[in-house]
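Here's the structure, in structure tokens; my notes come after.
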Amino acid sequence: MLHYDATGRIIASQDSLHGQRETFAYDAAANLLDGPQAGAGLVVHNKLLTYQDKRYRYDAFGRMIEKRSAKRGVQRFAYDAESRLVEVRNDDGSVVRMAYDPQGRRVEKVEHGSDEYPLGETRFTWDGLRLLQEHKYSQTSLYVYEDEGYQPLARVDGAGPLQKIRYYHNDLNGLPEQLTEADGHMLWQATYRVWGNTLEEVREPYYIEEQNLRFQGQYLDRETGLHFNTFRFYDPDVGRFTTPDPIGLLGGFNLYQYTPNPLTWMDPLGLSCSIDAKKLAGRLGKAPNKDYRAHHIVMSNSKDVRMRWLRRRMDRLGIDINQKENGIWLPANSKSRLPNTKATAHAGEGVPGNAYKKHVWETLKGAKTKSEFEQGLKTLNLELSGGKTFPLAK
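Under the UniProt record's numbering, the first residue of the sequence shown is numbered 1, with each subsequent residue one higher.
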């Protein structure tokens, strides 16, 4: 069971089956805070310094360079000139080094002991921006996904006569919960905390391969506890990226944010929201000022079934998700609104909450032609320009 605040953020999760309860508080920029009430702390420049038992340090570029936690002790992180994580030094003296191809995809991960002796090497093969195959020791695993998506359907472990096909059973957001044999026998299962941290993992003794896929596009690095997220790393301890969005201010007011809600949003590349935001911003023209955000009327990255249905309708009608008719500049919040203007705030006035999605759906679902759909977008644009607000979640 989930509980939300007025802006649609998860503030509590209760799993009666496993006796697990989590509570969350946030500042205005969606940074997690210690304490029962929002506003219980100050996160300067969105650089989270403390959360529960964890302590963080950053370099001049805003990249996490040190993390201290009760579970893993002190970890230190090093980056290359492209801000790609290339080395992690753990408290036990072990070192994890990574290599990338010219497109920024990770192709190798090597763990060394405190004596620099190599403990394990994993090589990765890609199909575009989806992880296709990994090879570790003598084990090879190949991944199969849904069409044009990142949700795993199956994996092929091994080769030759020993090859086995295993099938994924996922949560609604694509997070793997079980892995079964062809006959339905369960050989791996896991439960998670809200922001993707593994709570419990159980597998059959004979299943020697690791199941490391997490949120769509993410791969758990067990050596560090971080999730590789294609173009950035994600820290499930705090539900955010370890480095700022490379797009800069067009990425939103919090450049470390993963998604507003991990159950209904996804970011398989670690920057998909920012890519769409940049494209849309370029087509909308100059922003009213630096505190305005390029907003997709039909949301580009929401897993909400209504938004997904509308995106498919747009594809069939030949309407690009990032064309200017589907966008509008909105103030980041009510305080950012320019004098003598009424535009709905991008946060705090029901966007992008459930009531907003319902209204967009009701306005556009009946459009059968491109002109009808674009007229619906125009209507929604005028409403947002005029300051229409939407009921907030209870």
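Every residue gets a Cβ at the ideal spot worked out from N, C-alpha and C, and that includes glycine.
Taking the alpha carbon of ALA30 as the point to measure from, which residue in GLY348, GLU374, LYS358, TYR150 has its own alpha carbon closest?
Here the question's residue 30 lines up with position 30 in the sequence shown. Nearest C-alpha to ALA30: GLY348.
Going by DSSP, name the residue or residues bridged to PHE124.
The residue you call residue 124 lines up with position 124 of the sequence shown. Within the DSSP bridge table, the entry for PHE124 names GLU134 as partners.
One or two residues paired with HIS359 in a DSSP bridge:
Here the question's residue 359 lines up with position 359 in the sequence shown. As far as DSSP is concerned, HIS359 takes part in no beta bridge.
When the Cβ atoms of the stretch 280-300 are set against those of the stretch 354-368, are three or more pairs found closer than 8 Å?
Between the stretch 280-300 and the stretch 354-368, the count of C-beta pairs closer than 8 Å reaches three or more; the two stretches touch.
Let me know the secondary structure DSSP gives THR140 once reduced to three states.
Position 140 of the sequence shown holds residue 140. Under the three-state reduction of DSSP, THR140 is assigned to strand.
Simplified DSSP state of ASP157, which is helix, strand or coil:
Indexing the sequence shown from 1 puts residue 157 at position 157. Strand.
Looking only at its own chain, which residues have a Cβ that is under 7 Å from the Cβ of ALA38, when we skip the five neighbours before and after it?
The residue given as residue 38 occupies position 38 in the sequence shown. At ALA38, the pLDDT of 46 sits below 50, so the modelled position is not reliable; the number obtained from the coordinates is stated separately. Same-chain partners within the cutoff: ALA25, TYR26, ASP27.
I think TYR167 touches GLN216, with their Cβ atoms under 8 Å apart; what is that distance to the nearest whole Å?
The residue you call residue 167 lines up with position 167 of the sequence shown. The residue you call residue 216 lines up with position 216 of the sequence shown. Actually they do not touch by this definition, with Cβ atoms about 17 Å apart.
Please list the segments of the alpha helix (DSSP H) lying wholly inside the stretch 362-390, counting only runs of 4 or more residues, in order along the chain.
Within the stretch 362-390, the complete alpha helix (DSSP H) runs of at least 4 residues are 370-385.
Whole-angstrom distance between ARG105 and TYR137, CA atom to CA atom
Here residue 137 refers to the residue found at position 137 of the sequence shown. Here residue 105 refers to the residue found at position 105 of the sequence shown. TYR137 and ARG105: Cα-Cα distance of roughly 21 Å.
Closest by CA to ARG123, which one among LEU129, GLU134, GLY387?
Reading the sequence shown from its first residue, position 123 is the one you call residue 123. For ARG123, the closest of LEU129, GLU134, GLY387 by C-alpha to C-alpha distance is GLU134.
Beta-carbon contacts of SER94 that lie in its chain and below 8 Å, excluding the five residues immediately before and after:
For the purposes of this step, residue 94 is taken as residue 94 along the sequence shown, with counting starting at 1. The answer, listed in chain order, is GLU111, HIS112, GLY113, SER114, LEU119, GLU223.
Can you grab the Cα-Cα spacing for the pair HIS3 / PRO262, in whole Å?
Position 3 of the sequence shown, counted from the first residue, corresponds to residue 3. Position 262 of the sequence shown, counted from the first residue, corresponds to residue 262. For the pair HIS3 and PRO262, the Cα-to-Cα distance works out to about 14 Å.
Let me know the secondary structure DSSP gives LYS290 once reduced to three states.
Here residue 290 is taken as the residue at index 290 of the sequence shown, counted from 1. In this structure, LYS290 counts as coil in the three-state DSSP scheme.
Kindly indicate which three-state DSSP category ARG96 falls into: helix, strand or coil?
Numbered from 1 along the sequence shown, position 96 holds the residue referred to as residue 96. Per the sequence shown, the amino acid found at residue 96 is Val instead of Arg. DSSP places VAL96 in the strand class (E or B) of the three-state scheme.
Assign ALA281 to buried or exposed, taking buried as 16 or more other Cβ atoms, counted over all protein chains shown, within 10 Å of its Cβ.
Within the sequence shown, residue 281 is the residue found at index 281, counting from 1. Around the C-beta of ALA281, 16 or more other C-beta atoms lie within 10 Å, and the residue is accordingly described as buried.
Which residues in the same chain as GLN178 place their Cβ atom closer than 6 Å to its Cβ, once the five residues preceding and following it in sequence are excluded?
Within the sequence shown, the letter at position 178 stands for residue 178. The beta carbon of GLN178 is closer than 6 Å to those of HIS169, MET186, GLN189 in its chain, skipping five residues each way along the sequence.
In three-state terms, what does DSSP make of LYS109?
Translated into the one-based positions of the sequence shown, residue 109 becomes position 109. In the three-state reduction of the DSSP assignment, LYS109 falls in the strand class.
Is DSSP giving ASN170 helix, strand or coil here?
Taking the first residue of the sequence shown as position 1, residue 170 is located at position 170. If DSSP states are grouped into helix, strand and coil, ASN170 belongs with the strands.
Going by other Cβ atoms of all chains shown within 10 Å of its Cβ, with 16 needed for buried, is ILE319 buried or exposed?
Working through the sequence shown from its first residue, we reach residue 319 at position 319. Buried, by the Cβ-count rule.
Bridge partners for GLU200 per DSSP, in chain order?
Counting from 1 along the sequence shown, the entry for residue 200 is found at position 200. Partner residues in the beta bridge of GLU200, as assigned by DSSP, are THR191.
Less than 9 Å between the beta carbons of PHE228 and PRO246, yes or no?
If you number the sequence shown from 1, residue 228 lands on position 228. If you number the sequence shown from 1, residue 246 lands on position 246. No, the pair does not count as a contact, with Cβ atoms beyond the cut-off.
Using the beta-carbon count (16 or more within 10 Å), is LEU48 buried or exposed?
Start at 1 with the first residue of the sequence shown, and residue 48 comes out as number 48. Counting other Cβ atoms within 10 Å of its Cβ, LEU48 reaches 16 or more and is therefore classed as buried.
On the three-state DSSP scale, how would you describe ARG89?
Looking up residue 89 in the sequence shown gives position 89. Correct three-state label for ARG89: strand.
Helix, strand or coil for GLY282? Go by DSSP, reduced to three states.
On the sequence shown, residue 282 is found 282 positions in, with the first residue counted as 1. Reduced to three states, the DSSP call for GLY282 is helix.
Extent of the continuous beta strand (DSSP E) run through MET1:
Position 1 of the sequence shown, counted from the start, is the residue given in the question as residue 1. Here MET1 belongs to no beta strand (DSSP E), and DSSP marks it neither H nor E.
HIS45, DSSP secondary structure in three states
Here the question's residue 45 lines up with position 45 in the sequence shown. HIS45: helix per DSSP, three-state reduction.
Please look up how many angstroms separate the CB atoms of GLY327 and LEU284, rounded, as I've assumed it's under 8 Å.
Here residue 327 refers to the residue found at position 327 when the sequence shown is read from its first residue. Here residue 284 refers to the residue found at position 284 when the sequence shown is read from its first residue. Between GLY327 and LEU284 a beta carbon distance of about 5 Å is seen, short of the 8 Å cut, so the two are scored as contacting.
Look at the alpha carbon of GLN163 and the alpha carbon of MET98, and state the distance between them as a whole number of angstroms.
On the sequence shown, residue 163 is found 163 positions in, with the first residue counted as 1. On the sequence shown, residue 98 is found 98 positions in, with the first residue counted as 1. It is roughly 28 Å from the alpha-carbon of GLN163 to the alpha-carbon of MET98.
Would ALA159 pass as a contact of VAL144 if the rule is Cβ separation under 9 Å?
The residue you call residue 159 lines up with position 159 of the sequence shown. The residue you call residue 144 lines up with position 144 of the sequence shown. Against a cut-off of 9 Å, the Cβ pair of VAL144 and ALA159 comes out as no contact.
Please state whether the Cβ-Cβ distance between TRP265 and VAL238 is less than 9 Å.
The residue given as residue 265 occupies position 265 in the sequence shown. The residue given as residue 238 occupies position 238 in the sequence shown. Contact flag unset, no.
SER336 to ASN46 span [Cα, whole Å]:
As a working mapping, residue 336 is identified with position 336 in the sequence shown. As a working mapping, residue 46 is identified with position 46 in the sequence shown. Roughly 18 Å between the two C-alpha positions.
Residues in the same chain with beta-carbon distance under 7 Å from LEU269, minus the five sequence neighbours each way, listed in chain order, please.
Reading the sequence shown from its first residue, position 269 is the one you call residue 269. Non-local C-beta neighbours of LEU269 in its own chain, meaning closer than 7 Å and more than five positions away in sequence, comprise LEU129, GLY217, THR230, PHE231, ordered along the chain.
Helix, strand or coil: which one does DSSP assign to SER336?
In the sequence shown, counting from the first residue as 1, residue 336 sits at position 336. Judged by DSSP in its simplified three-state form, SER336 adopts helix.
Going by the CB atoms, is the gap between LEU310 and LYS370 shorter than 9 Å?
In the sequence shown, the residue the question calls residue 370 occupies position 370. In the sequence shown, the residue the question calls residue 310 occupies position 310. Contact flag unset, no.
Who pairs with MET64 in a beta bridge, going by DSSP?
Along the sequence shown, read from residue 1 onward, the residue named residue 64 stands at position 64. BP columns for MET64 point to TYR58.
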